[in-house]
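All remarks here apply to the structure that follows.
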Amino acid sequence: MSILIENISKHFGQFQALSPLSLDINEGEMIGLLGPSGSGKTTLLRIIAGLEGTDTGRIKFGDRDVTNLHVRDRRVGFVFQNYALFRHMTVADNVAFGLEVLPRKERPSPTEIKTRVMHLLEMVQLEHLANRFPSQLSGGQKQRIALARALATQPEVLLLDEPFGALDAKVRKELRRWLRGLHDELGFTSVFVTHDQEEALELSDRVVVMSNGHIEQIDQPGALYASPNSRFVFDFLGNANVFDGKVENGKWHNQQANIVLPEGAEQKDGQLYIRSHEFFVSREPTAQANLPLRVIAINPIGAEVRLELTPIDWQSNDVWEIDLPHKAFDKNCFEKGQTLYVTPKAGYFFANDAQKPTLLSWEK
Amino acid sequence: MSSSKSSSGQHQLRVGDSPLVKGLLIGITLLLTAILLVVPLIAIFQQAFVEGAAHYFNSLVEADTLHAIGLTLVVAALTVPINLVFGVMLAWAVTRFEFPGRKILMTLMDIPFAVSPVVAGLLYLLLYGNNGWIGSWLYDQDIQLMFAWPGIVMVTVFVTCPFVARELIPLMQQQGREDEEAAVILGASGWQLFRRVTLPNIKWALIYGVILTNARAVGEFGAVSVVSGNIRGETNTLPLHVQLQYEDYQAAAAFASASLLAMIALLTLLLKAFIEWRQERSLKIEAEKERQVTQ
Chain R
1 MSILIENISK
11 HFGQFQALSP
21 LSLDINEGEM
31 IGLLGPSGSG
41 KTTLLRIIAG
51 LEGTDTGRIK
61 FGDRDVTNLH
71 VRDRRVGFVF
81 QNYALFRHMT
91 VADNVAFGLE
101 VLPRKERPSP
111 TEIKTRVMHL
121 LEMVQLEHLA
131 NRFPSQLSGG
141 QKQRIALARA
151 LATQPEVLLL
161 DEPFGALDAK
171 VRKELRRWLR
181 GLHDELGFTS
191 VFVTHDQEEA
201 LELSDRVVVM
211 SNGHIEQIDQ
221 PGALYASPNS
231 RFVFDFLGNA
241 NVFDGKVENG
251 KWHNQQANIV
261 LPEGAEQKDG
271 QLYIRSHEFF
281 VSREPTAQAN
291 LPLRVIAINP
301 IGAEVRLELT
311 PIDWQSNDVW
321 EIDLPHKAFD
331 KNCFEKGQTL
341 YVTPKAGYFF
351 ANDAQKPTLL
361 SWEK
Chain F
1 MSSSKSSSGQ
11 HQLRVGDSPL
21 VKGLLIGITL
31 LLTAILLVVP
41 LIAIFQQAFV
51 EGAAHYFNSL
61 VEADTLHAIG
71 LTLVVAALTV
81 PINLVFGVML
91 AWAVTRFEFP
101 GRKILMTLMD
111 IPFAVSPVVA
121 GLLYLLLYGN
131 NGWIGSWLYD
141 QDIQLMFAWP
151 GIVMVTVFVT
161 CPFVARELIP
171 LMQQQGREDE
181 EAAVILGASG
191 WQLFRRVTLP
201 NIKWALIYGV
211 ILTNARAVGE
221 FGAVSVVSGN
231 IRGETNTLPL
241 HVQLQYEDYQ
251 AAAAFASASL
261 LAMIALLTLL
271 LKAFIEWRQE
281 RSLKIEAEKE
291 RQVTQ
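Protein chains in written order, with the UniProt record's numbering: chain R, 1 to 364; chain F, 1 to 295.
As structure tokens, this is what we get:
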């Protein structure tokens, strides 16, 4: 079922949790709401569910206007961050709950409820735990039971609040893949909230990046990564190093450091955002750039080696991170405390007066 | 030698751990408990049986005493359900809703604990007595509340009203509203939500609150004595009856009645201990199960 959100806004007392925002979600889509805490992503999710009212705007599920419809009648599935399993009921009773509270006319017979519960438990591969209590389950198991419970009434919309937040990295990865599979198989429309960019990019059909109660950008994961359209999205997606430069004689300067403007770049002051893998590394400055940095940490991460660096005789707010393939690292044998020079291959430039970046490349 | 041993960390004393302090504190506590609590309790039963067991049972089946016992039980039987419902509503309101005056309500709730029961009784007399603001109107309608059993129930309800809510509020605050939100999203109606999710979650705290309410309702003296009028065989509750018998120089009979109250108190404590033990055990079992799962 498609979800249409039109001009929704919400405030709690003096605090504007959501500025008027609109969002179209297609049938069968999986949408990730990504943002830091306080960005309004959970509020938006709770408004879609009906757990919070809105100050303005409308919400439609398909053709049905649900803005003033009670939570109970919206018939969405919702998975809470802390699962909210009923602690005094067995796993099977938890999953059966949504069916057992149906009005008598719609309620399946007890035997049918039993069959459906077992089917749901098979789907989440936990049928052997039917008679356990929630306190006897691990975090990942609780999460899957919460999902089975939410899906018992066959909702067409599934909402998940930080679904993998409380799990360890390995379980999280497994569950992510499993949820994606389930989504594709059953075809419901899903919206999930996360503050983990990797999770959002891996799981979503489209990612909605939020900050301070409004939407910064809506895009497919690939497009979002290739062209973040604001400083916030760049900062939040991470892995970018920022060079704050003043233009002079065809170069951006920051104290002793400088970068030559590539062809087609505007002659303006501003910030250059360069991703951690878009660099050459050398022991001397190059004709294109003079960016001296000191190595403060060397971390091997999977296929790459990550160097953490601090500027020498120029200013940057954050530590710089540069990823090198093992080969390039081994050839240079860098050590902690050593000075090295980096040269950008490509980057995104935000002029001081601009909201949106221009893509720059030094390679022909 | 010994000093080297203590500095090696084997017998490091913590603050207040000196044997003298420890012995003194435990000794004084035990002594005070005996003098203030245990001896009087034993004395009640000793005094009750001072003229023999036959006299004890005879004084209990005396008409006025039986009536006092009956009235006390009726008052408790009315008070407990009223405050059970009221306490659950109050706890629900202050933990689940935000509204202006919520904090003030939570403070007001404790007035019956803060104010002397005699004052409460006087206030009710002032309001509902035949010359009172509301009472004079009720008198014209031929309804008498004060110096009759309804007045006794009213002040007892007042005095015992915080017990249930005070047991529930911290628990409901700690459990949060997520369970309830989950139930409503799954389609539960208000009543289904309460019966199948909220009630099981607060069950033991609720029972505990009821036990305390009952104990206080049975034992209340001050407020009741102001509004009851002490009409023997009509508006006398058991605690009032004890005083009346004592003033009539029927010491043994007074103590026999008092022993009933003492037994109710002991029974209450036993029940309370049992429920605490159950709660602790279920927590322990949960922790144990959780440990097994993580292993």
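The C-beta atom is built at its ideal place from N, Cα and C for all residues, glycine as well.
Same chain only: Cβ atoms within 7 angstroms of residue i, ignoring 5 sequence neighbours per side
i        : result
Gly62/R  : Met1 and Ser2
Phe349/R : Ala265, Gly270, Leu272, Pro357, Thr358 and Leu360
Lys142/R : Tyr83, Leu85 and Pro134
Ala148/R : Val95, Leu120, Leu121, Met123 and Val124
Arg58/R  : Glu6, Asp65 and Thr67
Gly209/F : Gly87, Phe163, Val164, Glu167 and Leu168
Ser7/F   : Only weak support is given to the placement of Ser7/F: the predicted model assigns it a pLDDT of 45, under 50, and the value that follows is read from those uncertain coordinates. Within the same chain, Ser7/F has no close Cβ partners at all.
Thr65/F  : Ser59, His241 and Ser257
Phe279/R : Ile322, Val342, Thr343, Pro344 and Lys345
Phe49/F  : Tyr56
Asp353/R : none
Sequence-distant residues of the same chain with beta carbon closer than 6 angstroms to residue i, five excluded per side
i        : result
Phe158/F : Pro112 and Ala120
Tyr139/F : Asn130
Ile152/F : Val75, Val224 and Ser228
Cys161/F : Asn83 and Pro112
Val260/R : Lys251 and Gln288
Ala253/F : Ser59 and Gln245
Val171/R : Gly140
Supposed contact pair residue j and residue i - C-beta distance, whole angstroms, cut 8 angstroms
i        : j        : result
Val155/F : Ala223/F : 4 angstroms
Tyr172/F : Ala91/F  : Reading off the sequence, residue 172/F comes out as Met, not Tyr. Their Cβ separation, rounded to whole angstroms, is 6 angstroms, which keeps Met172/F and Ala91/F in contact under 8 angstroms.
Leu151/R : Gly77/R  : 6 angstroms
Gly28/R  : Thr189/R : 6 angstroms
Thr42/R  : Val157/R : About 16 angstroms; that fails the 8 angstroms criterion.
Leu45/R  : Gln197/R : With 8 angstroms as the limit, Leu45/R and Gln197/R do not qualify as a contact, their Cβ atoms being about 18 angstroms apart.
Gln204/F : Arg278/F : It is worth fixing the name first, because residue 204/F is Trp in this sequence and not Gln. At roughly 7 angstroms, the Cβ-Cβ gap stays under 8 angstroms, so Trp204/F and Arg278/F are in contact.
Ala92/R  : Val71/R  : Not confirmed; about 24 angstroms, so no contact.
Leu324/R : Val305/R : 5 angstroms
Leu71/F  : Trp149/F : 7 angstroms
Ala297/R : Lys336/R : 7 angstroms
Beta-carbon contacts of residue i that lie in its chain and below 8 angstroms, excluding the five residues immediately before and after
i       : result
Ala17/R : Lys10, His11, Gly40, Thr43 and Gly213
Glu52/R : Lys10, Thr43 and Arg46
Practice item. Answer yes if the region 195-214 of chain F comes into contact with the region 107-119 of chain R, meaning at least three C-beta pairs across the two stretches below 8 angstroms, and no otherwise. Key: no
Check your understanding: What are the residues of the region 168-189 of chain F that lie near chain R, defined by any Cβ-Cβ distance shorter than 8 angstroms?
Key -> Glu178, Asp179, Glu181, Ala182, Ala183, Val184, Ile185, Leu186, Gly187, Ala188 and Ser189
Review point. Got a sec: which bits of the region 168-198 of chain R sit with their beta carbon under 9 angstroms from any beta carbon on chain F, in order along the chain?
Key: none
Review point. Quick check: the region 258-267 of chain F against the region 44-52 of chain F, are there 3 or more CB pairs under 8 angstroms?
Key: yes
Check your understanding: Going along the chain, which residues of the region 194-210 of chain F sit with their C-beta nearer than 9 angstroms to a C-beta in chain R?
Key -> Within the region 194-210 of chain F, the qualifying residues are Arg196, Val197, Pro200, Asn201 and Lys203.
Check your understanding: Hey, which unbroken runs of the alpha helix (DSSP H) at 4 residues or more fall wholly within the region 43-92 of chain F?
Key -> 53-60
Review point. Quick one: any contact between the region 200-218 of chain R and the region 231-247 of chain R, if contact means 3 or more CB pairs under 8 angstroms?
Key: A contact exists between the region 200-218 of chain R and the region 231-247 of chain R.
Practice item. Pull out every residue of the region 152-168 of chain R whose Cβ sits closer than 7 angstroms to any Cβ of chain F, in chain order. Key: Thr153
Check your understanding: Quick one: any contact between the region 185-200 of chain R and the region 25-45 of chain R, if contact means 3 or more CB pairs under 8 angstroms?
Key -> yes
Exercise for review: Compile a chain-ordered list of the residues in the region 97-121 of chain R whose CB is closer than 7 angstroms to at least one CB of chain F.
Suggested key: Phe97, Gly98, Val101 and Leu102
Practice item. Please confirm if the region 273-287 of chain R is in contact with the region 340-347 of chain R, defined as three or more CB-CB distances below 8 angstroms between the two stretches. Key: Yes, the region 273-287 of chain R is in contact with the region 340-347 of chain R.
Exercise for review: Report yes or no: do the region 130-139 of chain F and the region 52-69 of chain F share at least 3 C-beta pairs separated by less than 8 angstroms?
Suggested key: no
Point to revise | Ranges of the beta strand (DSSP E) found wholly within the region 11-78 of chain R, counting only runs of at least 3 | key: 15-25, 30-34 and 56-61
Point to revise | Continuous alpha helix (DSSP H) assignments of at least 4 residues falling wholly in the region 299-350 of chain R | key: Those alpha helix (DSSP H) runs which fall completely within the region 299-350 of chain R and span 4+ residues are 326-332.
**Study point:** Interface residues of the region 33-54 of chain R facing chain F [CB-CB below 7 angstroms]
**Key:** Ala49 and Leu51
Check your understanding: Can you list the beta strand (DSSP E) stretches of 3 or more residues lying completely in the region 187-268 of chain F, in chain order?
Key -> none
Check your understanding: Is there contact between the region 264-283 of chain F and the region 207-220 of chain F, where contact requires at least three CB pairs shorter than 8 angstroms?
Key -> yes
**Study point:** Inside the region 146-232 of chain R only - alpha helix (DSSP H) runs reaching at least 4 residues
**Key:** 169-186, 197-203 and 221-226
Point to revise | Short-range partners of chain R found in the region 42-53 of chain F, where Cβ spacing is below 9 angstroms | key: Contacts with chain R (Cβ-Cβ distance below 9 angstroms) from the region 42-53 of chain F involve no residue at all.
Exercise for review: For the region 91-101 of chain R and the region 181-190 of chain F, state whether three or more C-beta atom pairs, one from each stretch, are separated by less than 8 angstroms.
Suggested key: yes
Check your understanding: Between the region 206-217 of chain R and chain F, which residues of the former have a C-beta closer than 8 angstroms to a C-beta of the latter?
Key -> none
Review point. Using a beta-carbon distance cut-off of less than 9 angstroms, what residues from the region 82-98 of chain R approach chain F?
Key: Against chain F - using a Cβ distance shorter than 9 angstroms - the residues of the region 82-98 of chain R are Asn82, Tyr83, Ala84, Leu85, Phe86, Arg87, His88, Met89, Phe97 and Gly98.
Review point. Per the contact definition of three or more C-beta pairs closer than 8 angstroms, is the region 157-170 of chain R in contact with the region 213-222 of chain R?
Key: no
Review point. Counting pairs of Cβ atoms below 8 angstroms between the region 304-320 of chain R and the region 241-261 of chain R, do you hit three or more?
Key: yes
Review point. Three or more beta-carbon pairs under 8 angstroms between the region 238-252 of chain F and the region 80-99 of chain F, yes or no?
Key: Verdict: no, contact absent.
Review point. What runs of the alpha helix (DSSP H), each 4 residues or longer, lie entirely inside the region 90-135 of chain R?
Key: 91-100 and 110-123
Point to revise | Entirely enclosed alpha helix (DSSP H) segments - the region 119-181 of chain F, minimum 4 residues | key: Here the runs fully enclosed are 135-140, 149-160 and 162-175.
Review point. Taking Cβ-Cβ distances below 8 angstroms as the criterion, which residues of the region 233-248 of chain R are in contact with chain F?
Key: none
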